[in-house]
Structures are given as structure tokens and as C-alpha cells.
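Asks: In the working numbering, the protein residues as written are 15 to 255.
We put the CB at the ideal spot given by N, CA and C, even for glycine.
One structure coming up, written as C-alpha cells, with questions to follow.
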């Protein structure tokens, strides 16, 4: 399935799952190895430490109406929604992505592919783009939740790109048409590098299972890259140089 077909599928179904998303990017083996390495140096998310063991970094852009990208170095992240779990609400001061990750060819190719998929669906306003590197860890003493149940994130679009995992029981990713369990339309574990689920977050809901180790004597983790777009209201617009 090529990019125009993915875009058309999104228009009809509001979500799409592609195991072979990496084939759109012509990923070289050396690129994959060096890209994965940036998940080994993430930083504990202190706002969620009472709920789960999650490590992360953030890379941010502003997509202008001209479709130019403008990097945003602001690390103060505040979710548009409130989650029904035990976490510290409000502004979360995150660690920014490492420069090597920002400059990595695969980071650029992946973002370009995501934006190409969404091009027919975007309006003429600006969008914030938040790129989250996530690692969820667990050990024999406790599993680690991945998400806060069936939820939306208050965004327009979310790409969930699978990076890798270590010593984990299968983590099932799900998509729903409502907050009800019976509304499930997708239910599967992601396993392949850059296997991708993209959803319209305004219309659909999602959930992922907890990270649990296969072998208790060895730590477990699951690595994801989330790319989200949120349209910017006119009163949030900032002048550009």
C-alpha cells in the first residue's frame, strides 16, 4: 500500500495499520541500528512515576500554513486532556531529543512520510508536531501500564511507530470507535520495526496493554515513537521570522 492509498483508507476508516510502513522509507540496515540506539538514553518521566515506569524525550516542530517546518525547542509539555490515572497533572518539563536523533536521516524520512500521508487531510492553519520517543520498562516486581486505558489525547492525528522490544510478553494495541469495549475495531500486537498505526484522534479512541517480562530475571521494555499533530487556533499563532 502506497501513501495515496493510506491517505484514502484514513478518509474512509479514520485509522490505518501497516506492518510494512518501513518499506515506504527504504530503510538501510545501518540506519535502523543507529536509529534504535537513541532509545537507550531516554529520561524517566517523573510526572508519571507513580503510575508507570516510562522514559521519554520530545522533539517539536511547528508546521506553518506554507507547509514549512519550524523547530520548537520548548520542552514544557502540557497535554490537552486529563487522564484518569495517578500522575502529576499540569506542565511536564521533558528532556529534548538528542541532536543526533534530530539530524538522523530516518527521523527526516519518517516525518516526511507521515506528513505526506496526512497532506490531503490537513487544513490551511498551523499545526504543532510533537514527536515522543517512549520506552516503557517493567521487571518481575511490577508490570508497567503503557496507556491510561481507552482514551483520546486531544489531538488531530497520532502515528504510533513501533521501534522494538526486549523480553516482553505481547503488548496488544487497540483502536475503538468509542470508550466502550465492544466498539473495538483493531486488536493486535505490533512486532516489526516501524510497524505503524495512525488514527484520527478526534473521532477514535485507543489503548495499549501493559509491559510484562517474559523472563522474570531480566528487565523488559517496549520502545515506541509517537508523532502527533494538533491544529493551532488563531489565538495561539505566533509571528514567524
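Please report whether the beta-carbon of residue 83 lies at a distance below 8 Å from any beta-carbon of chain D.
Replies: Absent from the structure is chain D; it holds one protein chain and no more.
Asks: Pair every Cβ in the region 175-186 with every Cβ in the region 209-229, then say whether three or more of these pairs are closer than 8 Å.
Replies: yes
Asks: Within the same chain, show all residues whose beta-carbon is closer than 6 Å to that of residue 35, passing over the 5 residues directly before and after it, in chain order.
Replies: 208 and 210
Asks: Inspect the CB distances between the region 64-73 and the region 96-114 and report whether three or more fall short of 8 Å.
Replies: yes
Asks: Would the region 191-204 and the region 126-145 be scored as touching if the rule is three or more Cβ pairs under 8 Å?
Replies: no
Asks: Give the range of the alpha helix (DSSP H) segment to which residue 46 is assigned.
Replies: From DSSP, the alpha helix (DSSP H) with residue 46 extends over 43-50.
Asks: Which residues share a DSSP beta bridge with residue 31?
Replies: 211
Asks: For the candidate residues 150, 154, 196 and 199, whose alpha-carbon lies nearest to that of residue 177?
Replies: Restricting attention to 150, 154, 196 and 199, the CA atom closest to the CA of residue 177 is found in 150.
Asks: Tell whether a beta-carbon distance below 8 Å holds between residue 174 and residue 240.
Replies: Closer than 8 Å, so yes.
Asks: So, at 8 Å on beta carbons, what are the nonlocal neighbours of residue 195 in its own chain, with the 5 sequence-adjacent residues on each side left out?
Replies: 164
Asks: Applying the 10 Å Cβ sphere with the 16-neighbour rule, what's the burial state of residue 159?
Replies: By the 16-neighbour rule on beta-carbons within 10 angstroms, residue 159 is buried.
Asks: Which partner residues does residue 115 have in the DSSP bridge list?
Replies: Note: residue 115 sits in no beta bridge, so no partner.
Asks: When we look at the beta-carbon of residue 146 and count the other beta-carbons within 10 Å, is it buried (16 or more) or exposed?
Replies: Result: buried.
Asks: Can you name, in chain order, every residue of its own chain whose Cβ lies under 7 Å from the Cβ of residue 87, other than the five neighbours on each side?
Replies: 110
Asks: Strictly by DSSP, which residues pair up with residue 204?
Replies: None; residue 204 has no bridge partner.
Asks: Please report the straight-line C-alpha distance between residue 243 and residue 167, rounded to a whole angstrom.
Replies: 11 Å
Asks: How would you label residue 107, buried or exposed, when you count the other beta carbons within 10 angstroms and need 16 or more for buried?
Replies: exposed
Asks: Cα separation between residue 37 and residue 16?
Replies: 9 Å
Asks: On the criterion of 16 or more Cβ atoms from any shown chain inside 10 Å, does residue 213 qualify as buried, or is it exposed?
Replies: buried
Asks: Could you pull the DSSP bridge partners for residue 220 from this structure?
Replies: 165 and 189
Asks: Note down the Cα distance separating residue 49 from residue 172, rounded to an integer number of angstroms.
Replies: 20 Å
Asks: What does residue 142 pair with, by DSSP beta-bridge criteria?
Replies: 76 and 244
Asks: Starting from the Cα of residue 82, find the closest Cα among 133, 170 and 235 and give me that residue.
Replies: 133
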